[in-house]
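Letter by letter, the sequence shown follows residues 2 to 151 in our numbering. Notes follow once the structure below has been shown.
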Amino acid sequence: MATVIRLARYGAKKRPYYHIVVTDSRNARNSGNILEVVGKYDPMLPRDNEKRVVLKIEELKAWLAKGARASDRVYKFMVNAGLATAKPVPVQTKKHLPSEKTQQKAKDKAEKLAKIAEEQAAAEAAAKAAAEAPAEESAAEAPATEAAAE
2 MATVIRLARY
12 GAKKRPYYHI
22 VVTDSRNARN
32 SGNILEVVGK
42 YDPMLPRDNE
52 KRVVLKIEEL
62 KAWLAKGARA
72 SDRVYKFMVN
82 AGLATAKPVP
92 VQTKKHLPSE
102 KTQQKAKDKA
112 EKLAKIAEEQ
122 AAAEAAAKAA
132 AEAPAEESAA
142 EAPATEAAAE
């Protein structure tokens, strides 16, 4: 008999609650033919709550020693509890990336926007310098007129 450790759903509609059970892999998810309940999982609780995932570690270790295999979700719970090592993440192919033509268009657009931003910054700097220059000239003229008046 191939045993598996997986989730069995309990709880009300839109209020899920799971038992982590050991059962025959051929059984349905919520069939009454479970061998043992080895934990509980309440996804409605916040992630940092210690009661979100409760595992019976000794029973879990015993079933793993007997050859039971954990489902993906239960395996993640075991990794978080320190009972297993995390599976390596496979290297992603480049199929999820946009095509080269699309990437080139995005690059060209970014360069164009950067060039426009530089031009605007230069124009603002020139306008600021021009605004400061007449103020300096009038400040220089004011003392000269005061000196002539004396």
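Don't be surprised by glycine CBs; every beta carbon is placed ideally from N, CA and C.
In the assembly as shown, residue 9 is a buried residue. Its beta-carbon has 16 or more other beta-carbons within 10 Å. Put simply, the backbone Cα of residue 106 is about 10 angstroms away from that of residue 100. Taken atom to atom, the span from the alpha-carbon of residue 78 to that of residue 54 is near 7 angstroms. Rounded to whole angstroms, the gap between the alpha carbons of residue 122 and residue 128 is 10 angstroms.
Around the CB of residue 33, fewer than 16 other CB atoms lie within 10 Å, so the residue is classed as exposed. In this structure, the alpha-carbon of residue 26 lies about 14 angstroms from that of residue 73. When the five nearest sequence neighbours on each side are left out, the beta carbons in the same chain lying within less than 6 angstroms of the beta carbon of residue 80 are those of 87, in order along the chain. In the three-state DSSP reduction, residue 46 falls in the coil class, being neither helix nor strand. When secondary structure is reduced to three states using DSSP, residue 27 falls in the coil class, being assigned neither helix nor strand. The beta carbon of residue 38 lies closer than 6 angstroms to those of 20, 22 in the same chain, with the five residues before and after it left out.
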